[in-house]
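My numbering puts the first residue of the sequence shown at 74, with every later residue one more than the last. From the three backbone atoms N, C-alpha and C, an ideal C-beta is built for every residue, glycine too. Structure first, commentary second.
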Amino acid sequence: MRSDMELLPLIFECAHRPTVIAGPCGAESEEQVMETARRLCAAGVKVFRAGVWKPRTKPGGFEGRGDICLEWLARVRRETGMYTAVEVATPRHVVAALRAGMDILWIGARTSADPFAVQEIADALRGEDITVLVKNPVNPDLELWIGALQRLYNAGIRRIGAVHRGFSEYRRTQYRNTPLWGIPIELHRRLPQLPLFCDPSHLGGRREFVSSLSQQAMDLGFDGLFVEAHCSPDDALSDSRQQITPEVLSDIMGSLVIRDTDGTVAAEAGLEGMRGEIDALDDELLALLARRMAVARDIGHYKREHALSVLQAQRYDDMLRRRELQSEQMGLDAEFVKNILRIIHEQSVQIQMTIGEL
Ligand code: PEP
Ligand code: MN
74 MRSDMELLPL IFECAHRPTV IAGPCGAESE EQVMETARRL CAAGVKVFRA GVWKPRTKPG
134 GFEGRGDICL EWLARVRRET GMYTAVEVAT PRHVVAALRA GMDILWIGAR TSADPFAVQE
194 IADALRGEDI TVLVKNPVNP DLELWIGALQ RLYNAGIRRI GAVHRGFSEY RRTQYRNTPL
254 WGIPIELHRR LPQLPLFCDP SHLGGRREFV SSLSQQAMDL GFDGLFVEAH CSPDDALSDS
314 RQQITPEVLS DIMGSLVIRD TDGTVAAEAG LEGMRGEIDA LDDELLALLA RRMAVARDIG
374 HYKREHALSV LQAQRYDDML RRRELQSEQM GLDAEFVKNI LRIIHEQSVQ IQMTIGEL
């Protein structure tokens, strides 16, 4: 994928930021789909999304109602005039969605991480004039994301956009998926003509975060938002905590501050992205420190039960020597690392001594 690749406009208008794509995580019933769509339409949303086949982490959850939903979405299209978007993960999904006249297909984060699956989808799309959005892969791998876009481009698809929905983390953070804004920013730097959407729903995982994440995306110059909205969010069969009503979405859209993305603002946006990355890294550092201190506490209890002394000098010396070597290999200043480790170690010892006093 090169910066000079020629893309065509997406099927819907992207000129005024933000372009909003919204709809329920999953199509659950004809009534739920129609009611959500009517209310979104009244809120000014032009593109309706709904999951028809839901990829679930574990079996047994709501896996979508399947092909029947495509008829409901076709009705949304007929009766409201909105464009319709569905997620596809297999060639069979592609065939069914095209046959039902869907305007936009999107490739989900689990699928975009799998080159075989993306290639099969691209092959099934060869020769079609359709809009395809590609979510970032669940793992923070920009090349894999670009690779998925490239497979579609090589299959002749020219109406392509990307959706940033954050990245999976083993550890819990405040967000469901860590934003790592630097990755979509780098994607934009490399492919400036590619429309870029932000999915604040899957990023944050909670409805309270939708507004602030949407604002951040606008500040970073994203073209659009890809938001989960449901007529009755608390009753949603999947992702209920992160869905909002069409009316709340409308309020959020009305409150967004949209700044121009001219030269200076774009330059500032780049800085914002790096600052976002620093903030995310600091979140990780704090989470790691909290976990480290929790383990130190466990060690303290263990030592107390087994009548071991708190400070074991030999172990501390070994640890410092090993880390000194490692910091050099990682291009970090050894003295700096030693200072940090000393403070952390002192705090661990302090915690363990307090246990001794209890
Ligand atoms: C979705 O948009 O409903 C979805 C499954 O998202 P993701 O692929 O980003 O997890
Ligand atoms: Mn969802």
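beta-carbon residue i near the ligand PEP non-hydrogen atom, thresh 8 Å
{"i": "residue 166", "result": "no"}
{"i": "residue 98", "result": "yes"}
{"i": "residue 299", "result": "yes"}
{"i": "residue 179", "result": "yes"}
{"i": "residue 160", "result": "yes"}
{"i": "residue 118", "result": "no"}
{"i": "residue 95", "result": "no"}
{"i": "residue 236", "result": "yes"}
{"i": "residue 182", "result": "yes"}
{"i": "residue 128", "result": "yes"}
{"i": "residue 131", "result": "no"}
Distance cut-off 8 Å: residue i Cβ against heavy atoms of the ligand MN
{"i": "residue 271", "result": "no"}
{"i": "residue 275", "result": "yes"}
{"i": "residue 315", "result": "yes"}
{"i": "residue 30", "result": "Because the chain here runs from 74 to 431, residue 30 falls outside it and cannot be looked at."}
{"i": "residue 124", "result": "yes"}
Residues that DSSP places opposite residue i in a beta bridge
{"i": "residue 207", "result": "180 and 235"}
{"i": "residue 437", "result": "Since the first residue of the chain shown is 74 and the last is 431, residue 437 is not available in this structure."}
{"i": "residue 159", "result": "178"}
{"i": "residue 271", "result": "237 and 298"}
{"i": "residue 317", "result": "302"}
Minimum C-alpha distance to residue i - residue among the options
{"i": "residue 345", "options": "256, 80 and 173", "result": "256"}
{"i": "residue 79", "options": "309, 212 and 225", "result": "225"}
{"i": "residue 421", "options": "411, 377, 372 and 397", "result": "372"}
{"i": "residue 160", "options": "184, 152 and 107", "result": "184"}
{"i": "residue 195", "options": "209, 173 and 233", "result": "233"}
{"i": "residue 162", "options": "142, 186 and 147", "result": "186"}
{"i": "residue 116", "options": "99, 95, 206 and 105", "result": "95"}
{"i": "residue 110", "options": "219, 89 and 155", "result": "155"}
{"i": "residue 144", "options": "136, 132 and 158", "result": "158"}
{"i": "residue 90", "options": "119, 77, 102 and 107", "result": "119"}
{"i": "residue 133", "options": "315, 149, 311 and 98", "result": "311"}
{"i": "residue 192", "options": "266, 369, 291 and 227", "result": "227"}
{"i": "residue 242", "options": "213, 229 and 376", "result": "213"}
{"i": "residue 104", "options": "267, 419 and 304", "result": "304"}
{"i": "residue 176", "options": "375, 269 and 206", "result": "206"}
{"i": "residue 76", "options": "322, 219, 399 and 88", "result": "219"}
Where residue i sits in the DSSP three-state scheme
{"i": "residue 79", "result": "coil"}
{"i": "residue 122", "result": "strand"}
{"i": "residue 153", "result": "helix"}
{"i": "residue 113", "result": "helix"}
{"i": "residue 230", "result": "coil"}
{"i": "residue 251", "result": "strand"}
{"i": "residue 392", "result": "helix"}
{"i": "residue 311", "result": "coil"}
{"i": "residue 405", "result": "coil"}
{"i": "residue 131", "result": "coil"}
{"i": "residue 187", "result": "coil"}
{"i": "residue 374", "result": "helix"}
{"i": "residue 352", "result": "helix"}
{"i": "residue 106", "result": "helix"}
{"i": "residue 246", "result": "coil"}
{"i": "residue 399", "result": "helix"}
{"i": "residue 410", "result": "helix"}
{"i": "residue 196", "result": "helix"}
{"i": "residue 265", "result": "coil"}
{"i": "residue 385", "result": "coil"}
{"i": "residue 324", "result": "helix"}
{"i": "residue 282", "result": "helix"}
Residue-level contact to chain D via CB, residue i, 9 Å cutoff
{"i": "residue 424", "result": "Structure shown: chain D not included; a single protein chain is present."}
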